[in-house]
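Student:
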Amino acid sequence: MASHHHHDHTQLDWEELAPLLEQGAEINTPALDQAIAWLRDDLLGSERAAAIGQVWDVGSGPGVAACRLAQAFPAAEVLAVDGEDALLRRARARAMRLGIGYRLRTHTADLPGGLCGAGTAELIWTSKTVHHMGDQRAALASLAERLRPGGLLAVAEGGLPTRRLPRDIGIGRPGLEARLDAVMEDWFAAMRGALPETADTVEDWPAMLRAAGLGHVRSRTFLLDLPAPADARVRAHLHAELTRFHEVLGDRLDAEDLTTLGRLLDPDDEAGLLRRPDVFLLSAQTVHTAVRP
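Going letter by letter, the sequence shown gives residues 112 to 404 in my numbering.
Below is the structure:
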């Protein structure tokens, strides 16, 4: 549920999914801004950051991060790269609304091979995208090759599962979200197993970055902490996310958990996500960075 990429794009209606992806990215903006500030101020330094001319967002989706990067690096041209034109159209429209359309370009490409003709960049950002490529080591090596000497690669992968509710929500068995996580892990393993040229890899992201020939490897985790009671916008997004889970993976739940999930999604149920007072949003996203010598 956390990522917009999928191993079989033909199965997805991107026009239908795009608003959900865009809303999720907008809600996550506080954590994204923390990560971008870390890259800009701590890792690059204000003087160098001010002079950066080429920034890429690889796996950009509808362009929320690409536009935040354009705002954070005012001298840069930002390239939003994605495999779906429907999402890139939203990225261009967002940039135009924000008055930065002249600094945002888009590039439609299947990843990672489609980057070969795109040139090079001083900063490459990619979030929850590499894990949808069969050979993650090869994907990182490909991204490293697109960096200019001294360029910085930032890979947002890993972290902790999102939490929205207390362990015991008063209906069904306690620990529902942990069981939803287990279903997602099984789905994720099957998804990765079905990818073209998939390769078993220990997901030690710093080690993989070093294996790609990069150095000065760093990792840091950023929190999105929206405490209860969540506002209507956050509730609506969480409701949409869990509705999609129910549609795609609900048949993997036992009867009791499926009933509980149904009540959570019922807009008229006092125990539902849209009404209960204890709904929150807490997530932790790790960003791994490395520099091309």
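Yeah, the Cβ is synthetic: ideal placement off N, Cα and C, and Gly gets one too.
Between S171 and A202, how many whole angstroms is the CB-CB distance? I'm expecting something under 8 Å.
Tutor: Position 60 of the sequence shown, counted from the first residue, corresponds to residue 171. Position 91 of the sequence shown, counted from the first residue, corresponds to residue 202. That pair is a contact at about 6 Å.
Student: Are G164 and A187 close, meaning C-beta to C-beta below 9 Å?
Tutor: Counted from its first residue, the sequence shown places residue 164 at position 53. Counted from its first residue, the sequence shown places residue 187 at position 76. In this structure, A187 lies closer than 9 Å to G164 by Cβ.
Student: Note the first and the last residue of the continuous alpha helix (DSSP H) segment covering W149.
Tutor: For the purposes of this step, residue 149 is taken as residue 38 along the sequence shown, with counting starting at 1. It is not in any alpha helix (DSSP H) - W149 carries neither H nor E in the DSSP assignment.
Student: Just reading off the beta strand (DSSP E) that P272 is part of, what are its end residues?
Tutor: As a working mapping, residue 272 is identified with position 161 in the sequence shown. That run of the beta strand (DSSP E) goes L258 to R274.
Student: Determine, using beta carbons only, whether W125 and L198 come nearer to each other than 9 Å.
Tutor: By 1-based counting over the sequence shown, the position of residue 125 is 14. By 1-based counting over the sequence shown, the position of residue 198 is 87. L198 sits close to W125, with the two beta carbons spaced by under 9 Å.
Student: Compare the beta carbon distance of A181 and L215 with 9 Å and say whether it is the shorter of the two.
Tutor: One-based indexing of the sequence shown puts residue 181 at position 70. One-based indexing of the sequence shown puts residue 215 at position 104. Their beta carbons are under 9 Å apart, which means A181 touches L215 by this criterion.
Student: Between R321 and E256, what straight-line distance do the alpha-carbon atoms span, to the nearest angstrom?
Tutor: Stepping through the sequence shown from its first residue, residue 321 is reached at position 210. Stepping through the sequence shown from its first residue, residue 256 is reached at position 145. About 13 Å.
Student: Quick check: the stretch 340–353 against the stretch 280–288, are at least 3 beta-carbon pairs closer than 8 Å?
Tutor: no
Student: Quick one: residues in its chain with C-beta nearer than 6 Å to the C-beta of H115, no 5 flanking neighbours on either side, listed in chain order?
Tutor: Translated into positions along the sequence shown, residue 115 becomes position 4. Its pLDDT being 38, under 50, H115 is placed unreliably by the model, and nothing is read from it.
Student: Return yes when the Cβ of A265 is within less than 9 Å of the Cβ of L407, no when it is not.
Tutor: Outside the shown range of the chain (112 to 404) lies residue 407, about which nothing can therefore be said.
Student: How would you write the range of the alpha helix (DSSP H) that D168 sits in, first residue to last?
Tutor: Taking the sequence shown and counting its residues from 1, the one referred to as residue 168 is at position 57. That residue, D168, is in no alpha helix (DSSP H); its beta strand (DSSP E) goes Q165 to V169.
Student: Are the beta-carbon atoms of L287 and L276 separated by less than 9 Å?
Tutor: As a first step, residue 287 must be located in the sequence shown, where it is residue number 176. As a first step, residue 276 must be located in the sequence shown, where it is residue number 165. Against a cut-off of 9 Å, the Cβ pair of L276 and L287 comes out as a contact.
Student: Run through DSSP, which three-state label would V390 get?
Tutor: What you label residue 390 is simply residue 279 of the sequence shown in a count that begins at 1. If DSSP states are grouped into helix, strand and coil, V390 belongs with coil.
Student: Less than 8 Å between C-beta atoms, sequence neighbours within five positions excluded: which residues of the same chain meet that for L349?
Tutor: Taking the first residue of the sequence shown as position 1, residue 349 is located at position 238. The answer, listed in chain order, is R275, A341, L384, V390 and L392.
Student: Below 8 Å, can you find three or more Cβ-Cβ pairs linking the stretch 242–250 to the stretch 299–313?
Tutor: Two segments are said to touch when three or more pairs of C-beta atoms, one from each, lie closer than 8 Å; by this definition the stretch 242–250 touches the stretch 299–313.
Student: Excluding sequence positions up to five away, which residues of its chain have a Cβ less than 6 Å from the Cβ of R363?
Tutor: The residue labelled residue 363 in the question sits at position 252 within the sequence shown. V294.
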